[in-house]
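A short worksheet on the structure shown next.
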Amino acid sequence: MQNLTHDEVAAKLWELNLELSPEIPYRLETLFPRIEGWFVKGKIKDQFKLLKRLEPLLAEILLDREEVQLVLPCNQSTLSDVFLMGSLWVGTSTCAVLVLTNLRIYCIRVNDTGVPQQSFWQIYYSQIKEVDQSLFGDTLFYLKDGRKLKYSGIVPEDQRRLQFIVWENCKTFRKQGFEPSVSQSREQVCGHCFDVIPPGVYECDSCGAQYWRPIEVGMRSFIFPSWGDFVMKHTTLALMELIGFTFIIGFTIAAFFEGKYLAGIILYVTANLADALMSVQLATRALHLKSTPFERPDMWSLTNPERLVQEQHEAGTGYEGYRVADAAEQL
Numbered sequence: 005m006q007n008l009t010h011d012e013v014a015a016k017l018w019e020l021n022l023e024l025s026p027e028i029p030y031r032l033e034t035l036f037p038r039i040e041g042w043f044v045k046g047k048i049k050d051q052f053k054l055l056k057r058l059e060p061l062l063a064e065i066l067l068d069r070e071e072v073q074l075v076l077p078c079n080q081s082t083l084s085d086v087f088l089m090g091s092l093w094v095g096t097s098t099c100a101v102l103v104l105t106n107l108r109i110y111c112i113r114v115n116d117t118g119v120p121q122q123s124f125w126q127i128y129y130s131q132i133k134e135v136d137q138s139l140f141g142d143t144l145f146y147l148k149d150g151r152k153l154k155y156s157g158i159v160p161e162d163q164r165r166l167q168f169i170v171w172e173n174c175k176t177f178r179k180q181g182f183e184p185s186v187s188q189s190r191e192q193v194c195g196h197c198f199d200v201i202p203p204g205v206y207e208c209d210s211c212g213a214q215y216w217r218p219i220e221v222g223m224r225s226f227i228f229p230s231w232g233d234f235v236m237k238h239t240t241l242a243l244m245e246l247i248g249f250t251f252i253i254g255f256t257i258a259a260f261f262e263g264k265y266l267a268g269i270i271l272y273v274t275a276n277l278a279d280a281l282m283s284v285q286l287a288t289r290a291l292h293l294k295s296t297p298f299e300r301p302d303m304w305s306l307t308n309p310e311r312l313v314q315e316q317h318e319a320g321t322g323y324e325g326y327r328v329a330d331a332a333e334q335l
């Protein structure tokens, strides 16, 4: 599959005056599989920009000896998303980036401009049964616990690279008998300290960060459409919903003036219920940060503020004591 070497790709990046962070281990030959040909400079620069946007996060979340092998933008939307939101706005709230390392796969939620948000999960290669392609060209991950994940927006060439790297790492895991303990095949990762959060839990045991429950998000969207999307930081979608909500209010008031009270109430409730269902569906896919320890007064009363700052700084750079760090020693 690969004909390029690390040095050849590095030389091309130097020629284009593109410099990646030396602090992050990159497998350049899989990140930049083509360095010659039509329009290749534009593709290299696009990939470089994507990596630069992720580098501040990667510098924090990667463990020692963990190497970035592939980075792919994608979309997590489903047919129900398109039905509830419409194809025009679905991409504003379901954008993601898959980051494949030699240890695991990260899925990082990003906004519509590609900036990472504090919402992501991970999969160890030992938890992947198969990577396939759907009839419509979507990438499918079949996991050991029976879950199936679907991602769209990945071109066929990148799908082949993804399948190859997953197969290569799965083979290495099996050969070494390496199978880290997990709470589920697709593990949620804390957006504040990067520790694993078990399913059904909405507060991180390691740092005390709290997350929105799907029902909390849904209730807010039912009371006031766009409220739930604002708390999940789907800003573009929330603004569009806010505009739509003003029309719903207008139609409801018009129905009341005409004496059609039942029709007005049904219109209002139906529109808000659809928005609430959409928000719940989005909220169940990942954890959305509600508050960090520094924003919660109860955390200040339980510990010395100076000690808390020092401990969080040390944890963010070294990861000592985090369960996810256990696997790093076996790389």
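Taking the working numbering, I'd label the letters of the sequence shown as residues 5 to 335. Using N, Cα and C, we set each Cβ at its ideal position, and we do this for glycine too. Here the structure is a predicted model, which is why all the values come from computation and not from measurement.
Where Gln214 sits in the DSSP three-state scheme = strand
What residue ranges within the segment 26-78 form continuous alpha helix (DSSP H) runs of no fewer than 4 residues, ordered along the chain?
-> 32-35, 44-65
Around the Cβ of Gln122, are there at least 16 other Cβ atoms within 10 angstroms (buried) or fewer (exposed)?
-> By the neighbour-count rule (16 or more Cβ atoms within 10 Å), Gln122 is buried.
Indicate the three-state DSSP secondary structure (helix, strand or coil) for Gly322 in the structure shown.
-> A caution first: Gly322 carries a pLDDT of 35, below 50, which makes its placement in the model unreliable, though a value can still be read off. DSSP places Gly322 in helix when its eight states are reduced to three.
What do you reckon, are the CB atoms on Asn21 and Arg69 nearer than 9 Å?
-> no
Distance CB(Thr143)-CB(Gln163) smaller than 9 Å | A contact, by the Cβ cut-off of 9 Å.
Bounding residues of the alpha helix (DSSP H) (the contiguous stretch that carries Gln180) = 160-180
Of all the beta strand (DSSP E) runs that stay within the bounds of the segment 249-307, which reach a length of 3 or more residues?
-> 293-295
For Leu2, name the three-state secondary structure that DSSP assigns.
-> The structure shown does not extend to residue 2, since the chain is modelled only from 5 to 335, so the question has no answer here.
Proximal residues to Leu35 (C-beta, below 8 Å), its chain only, five neighbours per side dropped | Val13, Gln51, Leu55, Val72, Gln73, Leu74, Val75
Provide the residue span of the alpha helix (DSSP H) that contains Val114, from first to last.
-> DSSP places Val114 outside any alpha helix (DSSP H); the residue lies instead in the beta strand (DSSP E), whose first and last residues are 108-114.
Coarse secondary structure for Glu134, derived from DSSP in three states = strand
Looking at the unbroken beta strand (DSSP E) that takes in Leu102, where does it start and where does it end?
-> 99-105
Three-state secondary structure assigned by DSSP to Val200 = strand
Determine the direct distance from the alpha carbon of Phe124 to that of His10, and round the result to whole angstroms.
-> 29 Å
Which of helix, strand or coil DSSP assigns to Phe228 = The answer is coil: DSSP assigns Phe228 none of H, G, I, E or B.
Check each candidate in Gly141, Gln137, Phe140, Leu62 and name the one with the smallest Cα separation from Ile109.
-> Leu62
Under the three-state DSSP convention, the category Lys237 falls into | coil
Can you tell me where the beta strand (DSSP E) with Asp193 in it begins and where it stops?
-> Per the sequence presented here, residue 193 reads as Val, with Asp not at that position. 191-193 is the span of the beta strand (DSSP E), which, as asked, contains Val193.
Assign Lys16 to buried or exposed, taking buried as 16 or more other Cβ atoms, counted over all protein chains shown, within 10 Å of its Cβ.
-> buried
Contact between the segment 288-296 and the segment 202-218 (3+ Cβ pairs under 8 Å) = yes
In terms of residue numbering, what span does the beta strand (DSSP E) encompassing Leu153 cover?
-> Going by DSSP, Leu153 is part of the beta strand (DSSP E) stretching over 152-155.
Opening and closing residue of the alpha helix (DSSP H) in which Leu17 lies = 10-19
Taking only the alpha-carbon atoms, compute the straight-line gap between Asp116 and Leu286 and give it to the nearest angstrom.
-> Computed Cα separation, rounded: 15 Å.
Relative to the alpha-carbon of Tyr128, which residue among Arg151, Leu139, Cys174, Val114 has its alpha-carbon at the smallest distance?
-> Cys174
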